[in-house]
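Undergrad: Can you read through this structure? Questions will come right after.
There are 2 protein chains.
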Amino acid sequence: MSNNTYAIIGSGTLGGFYGAKLQKAGLEVHFLLHSDYHHVLQNGLIIKSKDGDFKLSQVNAYNNTNEMPKCDVILIGLKTTQNNLLAKFLPPLLKENTVVLLLQNGLSAEPEVAKIVGEQRLIGGISHLASNKLSFGYIHHIDDGSIRIGRYARNYQFAKITNKMREITHDFEISGVPVYLTEDLLLERWKKLVWNIPYNSLSVILDARTNEIMGNANTINLVVEIMQEVLEGAKSCQRQIPDTYIQKMLDHTKKLQPYLTSMKIDYERRRPLEIEGIIGNPLRMAREAGIKLPKMGMLYQQLKFLDTRNIQNFSS
Amino acid sequence: MSNNTYAIIGSGTLGGFYGAKLQKAGLEVHFLLHSDYHHVLQNGLIIKSKDGDFKLSQVNAYNNTNEMPKCDVILIGLKTTQNNLLAKFLPPLLKENTVVLLLQNGLSAEPEVAKIVGEQRLIGGISHLASNKLSFGYIHHIDDGSIRIGRYARNYQFAKITNKMREITHDFEISGVPVYLTEDLLLERWKKLVWNIPYNSLSVILDARTNEIMGNANTINLVVEIMQEVLEGAKSCQRQIPDTYIQKMLDHTKKLQPYLTSMKIDYERRRPLEIEGIIGNPLRMAREAGIKLPKMGMLYQQLKFLDTRNIQNFSS
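Residue numbers (the working numbering), protein chains in the order written: chain L, 212 to 527; chain P, 212 to 527.
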């Protein structure tokens, strides 16, 4: 285990889970919380997990990064819709060698975060975690939890794996979290989008769980056609994802329990949807390369309509 | 006024309205009814209309075409989803010179009906009518009501206007229903689809009225892009609709009162949606000409999913 200290920015079902796993393994972890702050400060965190339940009766809880110590690794577990907060949250936490691990869905958050923290310390991460929150400070880890991490370099160029990344990998692995290292962050982001774009979008637009989408020949075909567009999008960025990856994603999804996607959960809770990160930015990257993706464009427009109405109705 | 006798097959908000107008003008009309049969047999029809309310305390009501007299003109006011009934309904009503007026939305119903009645007597019609049913035998005529009619000839070739069509036009016009005659039925069908495809589809998929769709920049753009695909579809059938027609449809829709489309009404009542007539058949005609319409294809897939679930949930 390293001597790294960890700050978890956004300790929800994702950040809270990984932070708890790291603390349980013996690492020093500091949690930034919002809605759960008072509860967690008093009662700690409980993880109900397929790998074994555990409780941390005391955690370092904060509701303000100015009160947190500077840390060696900052794990960002916020939704991309909250990234406007990072310019305020991050500077107080940075030491000279602090590394920032941006564990988010979608594309093109890294260039924005790099403006705040600098490129040289930024690592992008993709989490494969199925979890949800049962109540304040009480997280249910349902499945998987592995992460893929790659260093960010300007315009998502290839970037060599550093010793710091190997240290972080080791910290996670002794915590029971498998980590895959990559020199090609952009490829991993596009690969995750092959699943995220069709299922997140259609679950909201059609008010459907994954098993319903996979139970109708028309929506199966639609999922395949959307995945083909995502592959075209990746190709427009010189990233090749083989066609066989589509069938792999379909087979994987058929095996899932009836599953509510993260975007659908956000929609039901009337939270802003991660439309720009998951669809808008990939569309724009492809468009800059001269590639039109009509079905993804239509998903984007439908979601923007639904998201706007969803938030308006909640506010009014 | 002619001596034509009229049979109305499907006397709902559309057939019931036109039949009542014809009878009020003095023509002999026979109504085939289903759910309203007993009520209308006893009480007649009431039309609440922007052009003046009226009541027909007695109408010729039937629930079986075998009991109806053969007529000169058969007006089909059923939804296209019920066209499987026509092979049973129509033969008992046909005289040598009977004309069949198919007053339906969408494309490609004529070739099917021609198999039953023969091509030479078949006229296609497109109705611009806003109406709904208030209760049994009680129809509310909200707006417009004009119709466009054109003779059907094999493969939707151009077809000359006949004297019989002029007679029917005259019957309708003295009843207060404006009629436009055309030699190009297919062009008129495609023109109606420019409105019907985006608004009917999106009203169901997004659970939205026309004013909501026209109140969001993303859905306005989406409507325009779908309309452009409909124009491409028409072009694939050698029918030119000018680009300016799109703006005309947008302006017209902005002026409408918040409007529930016919497909949305069907969806809410858990009736089968006219997906094949309105989207499936136009898609297939374009595909046969080698033209792909990706956004219309996606609307089709989304609607098929929603329609199947809607009917299943109702049955189970």
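Virtual Cβ for every residue (Gly too), placed ideally from N, Cα, C. Here the structure is a predicted model, which is why all the values come from computation and not from measurement.
Just to confirm, are glutamine 272(L) and tyrosine 248(L) a CB contact at a threshold of 8 Å?
TA: Here residue 272(L) is taken as the residue at index 61 of the first sequence, counted from 1. Here residue 248(L) is taken as the residue at index 37 of the first sequence, counted from 1. According to the sequence shown, residue 272(L) is alanine rather than glutamine. Yes; because the gap between Cβ atoms is below 8 Å, this pair is in contact.
Undergrad: With 8 Å set as the bound, which would you pick, yes or no: does the beta-carbon of asparagine 429(L) sit closer than that to a beta-carbon of chain P?
TA: By one-based count along the first sequence, residue 429(L) stands at place 218. Asparagine 429(L) counts as touching chain P.
Undergrad: Please name the residue in Lys290(L), Pro469(L), Gly335(L), Asp382(L) whose C-alpha comes closest to that of glycine 410(L).
TA: To locate residue 410(L), count along the first sequence from 1; it is residue 199. Before going on, a small fix: residue 410(L) reads as tyrosine here, not glycine. Among Lys290(L), Pro469(L), Gly335(L), Asp382(L), the Cα nearest to that of tyrosine 410(L) is on Pro469(L).
Undergrad: With DSSP as the reference, label lysine 281(L) as helix, strand or coil.
TA: Counted from its first residue, the first sequence places residue 281(L) at position 70. Note: lysine 281(L) maps to coil in three-state DSSP.
Undergrad: Given this structure, state the Cα-to-Cα distance separating proline 303(P) from lysine 466(L), to the nearest angstrom.
TA: Here residue 303(P) corresponds to residue number 92 of the second sequence, with the count starting at 1. Here residue 466(L) corresponds to residue number 255 of the first sequence, with the count starting at 1. The alpha-carbon atoms of proline 303(P) and lysine 466(L) are separated by roughly 54 Å.
Undergrad: What does DSSP give as the partner residue(s) for leucine 333(P) in the beta ladder?
TA: Walking along the second sequence from the start, residue 333(P) turns up at place 122. Bridge partners of leucine 333(P): Val311(P).
Undergrad: Return the chain-ordered ranges of every beta strand (DSSP E) run that is complete within the region 336-423 of chain P and spans a minimum of 3 residues.
TA: For the region 336-423 of chain P, whole beta strand (DSSP E) runs of length 3 or above, ordered along the chain, are 349-362, 390-393.
Undergrad: Less than 8 Å separating the beta-carbons of serine 342(P) and leucine 238(P)?
TA: The residue labelled residue 342(P) in the question sits at position 131 within the second sequence. The residue labelled residue 238(P) in the question sits at position 27 within the second sequence. Their beta carbons are not under 8 Å apart, which means serine 342(P) does not touch leucine 238(P) by this criterion.
Undergrad: Determine the closest residue to glycine 426(P) out of Thr519(L), Ile424(L), Gln439(L), with distance taken between C-alpha atoms.
TA: Within the second sequence, numbered from 1, the residue matching residue 426(P) stands at position 215. Nearest of Thr519(L), Ile424(L), Gln439(L) to glycine 426(P), Cα basis: Thr519(L).
Undergrad: What are the residues that DSSP puts in a beta bridge with threonine 216(L)?
TA: As a working note, residue 216(L) is residue 5 in the first sequence. The partner list for threonine 216(L) (beta bridge, DSSP) reads Glu239(L).
Undergrad: How would you label glycine 356(L), buried or exposed, when you count the other beta carbons within 10 angstroms and need 16 or more for buried?
TA: Here residue 356(L) refers to the residue found at position 145 of the first sequence. That one is buried.
Undergrad: Using a Cβ-Cβ distance under 8 Å, would phenylalanine 300(L) count as near chain P?
TA: For the purposes of this step, residue 300(L) is identified with residue 89 of the first sequence, where counting begins at 1. Answer no: the Cβ-Cβ gap between phenylalanine 300(L) and chain P never drops below 8 Å.
Undergrad: Measuring straight from C-alpha to C-alpha, what distance separates phenylalanine 228(P) and isoleucine 337(P)?
TA: Reading the second sequence from its first residue, position 17 is the one you call residue 228(P). Reading the second sequence from its first residue, position 126 is the one you call residue 337(P). Phenylalanine 228(P) and isoleucine 337(P): Cα-Cα distance of roughly 15 Å.
Undergrad: Could you name the residues of the region 489-510 of chain L whose beta carbon sits closer than 7 Å to any beta carbon of chain P, in the order they occur along the chain?
TA: So the list reads Pro505, Lys506, Met509, given in the order they occur along the chain.
Undergrad: Mind pulling the chain P residues with CB within less than 8 Å of asparagine 432(L)?
TA: As a position in the first sequence, residue 432(L) is number 221, starting the count at 1. Residues of chain P passing the Cβ test: Gln512.
Undergrad: Going by beta-carbon coordinates alone, are isoleucine 327(P) and leucine 301(P) separated by less than 8 Å?
TA: Along the second sequence, one-based indexing puts residue 327(P) at 116. Along the second sequence, one-based indexing puts residue 301(P) at 90. Result yes, Cβ atoms of isoleucine 327(P) and leucine 301(P) sit closer than 8 Å.
Undergrad: For a contact defined as C-beta to C-beta under 7 Å, what are the partners of threonine 519(L) on chain P?
TA: In the first sequence, residue 519(L) corresponds to position 308, counting from 1. Per Cβ cutoff of 7 Å: Asn427.
Undergrad: On the DSSP letters alone, give me the boundaries of the alpha helix (DSSP H) that isoleucine 457(P) sits inside.
TA: Taking the first residue of the second sequence as 1, we reach residue 457(P) at position 246. Residues 455-466.
Undergrad: Short check: CB of valine 284(L) to CB of valine 310(L), under 8 Å?
TA: For the purposes of this step, residue 284(L) is taken as the residue at position 73 of the first sequence. For the purposes of this step, residue 310(L) is taken as the residue at position 99 of the first sequence. Contact: yes.
Undergrad: Does tyrosine 470(P) come out as helix, strand or coil in the three-state DSSP assignment?
TA: Here residue 470(P) refers to the residue found at position 259 when the second sequence is read from its first residue. It is coil, neither helix nor strand.
Undergrad: Can you pull the chain P residues whose beta carbon is under 9 Å from the beta carbon of phenylalanine 516(L), in chain order?
TA: Along the first sequence, one-based indexing puts residue 516(L) at 305. Leu413, Leu417, Ala419, Glu423, Ile424, Asn427, Asn429, Thr430, Leu433, listed in chain order.
Undergrad: Is the region 360-379 of chain L touching the region 433-445 of chain L, taking contact as three or more C-beta pairs under 8 Å?
TA: Result no; under three Cβ-Cβ pairs closer than 8 Å.
Undergrad: Between arginine 400(L) and leucine 318(L), what straight-line distance do the alpha-carbon atoms span, to the nearest angstrom?
TA: Along the first sequence, read from residue 1 onward, the residue named residue 400(L) stands at position 189. Along the first sequence, read from residue 1 onward, the residue named residue 318(L) stands at position 107. Their backbone Cα atoms lie some 6 Å apart in a straight line.
Undergrad: Nearest to arginine 365(L) by alpha carbon, out of Leu333(L), Gly501(L), His381(L)?
TA: Stepping through the first sequence from its first residue, residue 365(L) is reached at position 154. Nearest C-alpha to arginine 365(L): Leu333(L).
Undergrad: Which value, in whole angstroms, describes the spacing of the CA atoms of isoleucine 416(L) and lysine 402(P)?
TA: Residue numbering aside, residue 416(L) sits at position 205 when the first sequence is read from its first letter. Residue numbering aside, residue 402(P) sits at position 191 when the second sequence is read from its first letter. Cα-Cα distance, rounded: 28 Å.
Undergrad: Here's the rule I'm using: 16 or more other beta-carbon atoms within 10 Å means buried, otherwise exposed. How should asparagine 294(P) be labelled?
TA: Reading the second sequence from its first residue, position 83 is the one you call residue 294(P). Burial call: buried.
Undergrad: Would you decide whether threonine 276(L) is buried or exposed? Buried here means 16 or more other CB atoms lie within 10 Å of its CB.
TA: Residue 276(L) sits at position 65 when you count from the first residue of the first sequence. By the neighbour-count rule (16 or more Cβ atoms within 10 Å), threonine 276(L) is buried.
Undergrad: Only counting the same chain, and skipping five residues up and downstream in sequence, which positions put a Cβ closer than 6 Å to that of valine 441(P)?
TA: On the second sequence, residue 441(P) is found 230 positions in, with the first residue counted as 1. Once the five neighbours on either side are set aside, the close Cβ partners of valine 441(P) are Leu404, Val405, Ile408.
Undergrad: Is the CB-CB distance between asparagine 316(P) and glutamate 485(P) below 8 Å?
TA: For the purposes of this step, residue 316(P) is taken as residue 105 along the second sequence, with counting starting at 1. For the purposes of this step, residue 485(P) is taken as residue 274 along the second sequence, with counting starting at 1. Yes, they are a contact pair.
Undergrad: Rounded C-beta distance between serine 386(P) and lysine 235(P)? I'm assuming under 8 Å.
TA: As a working mapping, residue 386(P) is identified with position 175 in the second sequence. As a working mapping, residue 235(P) is identified with position 24 in the second sequence. Right, the Cβ-Cβ distance comes to about 7 Å (below 8 Å), so this counts as a contact.
Undergrad: Buried or exposed for glutamate 487(P), please, with buried defined as at least 16 other CB atoms from any protein chain shown within 10 angstroms of its CB.
TA: The residue given as residue 487(P) occupies position 276 in the second sequence. Glutamate 487(P) should be labelled buried.
Undergrad: List the endpoints of the continuous beta strand (DSSP E) containing isoleucine 258(L).
TA: Within the first sequence, numbered from 1, the residue matching residue 258(L) stands at position 47. Where isoleucine 258(L) is concerned, the enclosing beta strand (DSSP E) stretches over 256-260.
Undergrad: Using CA atoms only, rank isn't needed, just tell me which of Arg482(L), Tyr363(L), Thr421(L), Gln513(L) is closest to leucine 313(L).
TA: Position 102 of the first sequence, counted from the first residue, corresponds to residue 313(L). The shortest C-alpha separation from leucine 313(L) is found at Tyr363(L).
Undergrad: Would you kindly check if the distance between the Cβ of leucine 243(P) and the Cβ of serine 222(P) is under 8 Å?
TA: Position 11 of the second sequence, counted from the first residue, corresponds to residue 222(P). Position 32 of the second sequence, counted from the first residue, corresponds to residue 243(P). Closer than 8 Å, so yes.
Undergrad: Could you check which residue in Met509(P), Arg482(P), Arg481(P) has the C-alpha nearest to that of leucine 494(P)?
TA: Here residue 494(P) refers to the residue found at position 283 of the second sequence. For leucine 494(P), the nearest C-alpha among the options comes from Met509(P).
Undergrad: For the ligand NAP, I want to know if asparagine 277(L) counts as a neighbour, meaning its beta carbon is within less than 7 Å of at least one of the ligand's heavy atoms.
TA: What this structure holds is no ligand at all, so the ligand NAP is not there to describe.
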